[in-house]
Amino acid sequence: MKIETVTGAALLPHVPALARLRGQVFAEWPYLYQAPEGEEERYLRHYIEGEGSAIILARDGAEIVGAATCQPMAATHGPVRACFEAAARNPTDYAYFGESVLLPAYRGQGIGVAFFAAREAHARSLGLPFATFCAVVRNPNDPRRPASYTPLDAFWRKRGYTHHPELSCVFDWTEIGDSKPSPHALSFWVKPL
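Quick note: the sequence shown uses this note's numbering, first residue 220, plus one each step.
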């Protein structure tokens, strides 16, 4: 297994594989995301073009089996920045970890830990004193929740992150089986670097 941090134009050849990976993993609980045609490729361009942005790749041979993103919060989505600004937190102090996706067969093998270590190292190299990410908020009694699902809260706490439910934002996406987007609340986790 190889873990590497890739930035800028070096990401271009990986866009098709990353788009498929994101679509596949985010279709699972708790996101149930139905990726619109071409949307993932457009989304990933933000990391290719964004100053200070990086994507951490996990490869099994030539195959990309996982990826995790990192960028200065000042360069990320408006709802993320607005949430921190409304809480009187300066977005320029934060690295935003947009997502971490990993194929099921590779989970539980330390790759998630490696993703956090690489993203935190990248954030430190940018001089950012805090790291943050958000996770979708779902009703634990939702009948769509698989019986085998284990929330990642304990994993995130073990990495040194603290949940801040008072920091939240809303993103719209179309869920699997739906015909139109609906709003989804996400709450933040924060760690001083």
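The beta-carbon is built from N, C-alpha and C at its ideal position, and this holds for glycine as well.
CB of residue i within 8 angstroms of CB of residue j, strictly
{"i": "F349", "j": "L412", "result": "yes"}
{"i": "I275", "j": "R338", "result": "yes"}
{"i": "D391", "j": "H382", "result": "no"}
{"i": "G285", "j": "A277", "result": "yes"}
{"i": "Y368", "j": "W408", "result": "no"}
{"i": "L345", "j": "G271", "result": "yes"}
{"i": "A236", "j": "I283", "result": "yes"}
{"i": "A209", "j": "F334", "result": "Since the first residue shown for the chain is 220 and the last is 412, residue 209 is missing from the structure and cannot be characterised."}
Given residue i as reference, the closest of the options once Cα atoms are compared
{"i": "S387", "options": "T393, K399, F374 and H403", "result": "H403"}
{"i": "S406", "options": "L263, A281 and F352", "result": "F352"}
{"i": "V355", "options": "Y325, F245, F303 and R376", "result": "F245"}
{"i": "T295", "options": "E223, H265 and T224", "result": "H265"}
{"i": "E259", "options": "Y313, D279, A238 and V332", "result": "A238"}
{"i": "G331", "options": "W375, P359, G242 and N360", "result": "W375"}
{"i": "L231", "options": "T311, L263 and V389", "result": "L263"}
{"i": "E223", "options": "A307, D279 and Q328", "result": "D279"}
{"i": "R378", "options": "E256, G329 and C302", "result": "G329"}
Where residue i falls, given that 16 or more other Cβ within 10 Å makes a residue buried
{"i": "R261", "result": "exposed"}
{"i": "S319", "result": "buried"}
{"i": "R241", "result": "buried"}
{"i": "V389", "result": "exposed"}
{"i": "K221", "result": "exposed"}
{"i": "K410", "result": "buried"}
{"i": "R300", "result": "buried"}
{"i": "R308", "result": "buried"}
{"i": "A306", "result": "exposed"}
{"i": "A254", "result": "buried"}
{"i": "A342", "result": "buried"}
{"i": "A324", "result": "exposed"}
Bridge-paired residues (DSSP) for residue i
{"i": "L276", "result": "E223 and A286"}
{"i": "K410", "result": "A350"}
{"i": "E414", "result": "There is no way to answer for residue 414, as the model of the chain reaches only from 220 to 412."}
{"i": "L321", "result": "G285"}
{"i": "T381", "result": "V409"}
Is the region 249 to 257 close to the region 286 to 303, with three or more CB pairs under 8 angstroms? no
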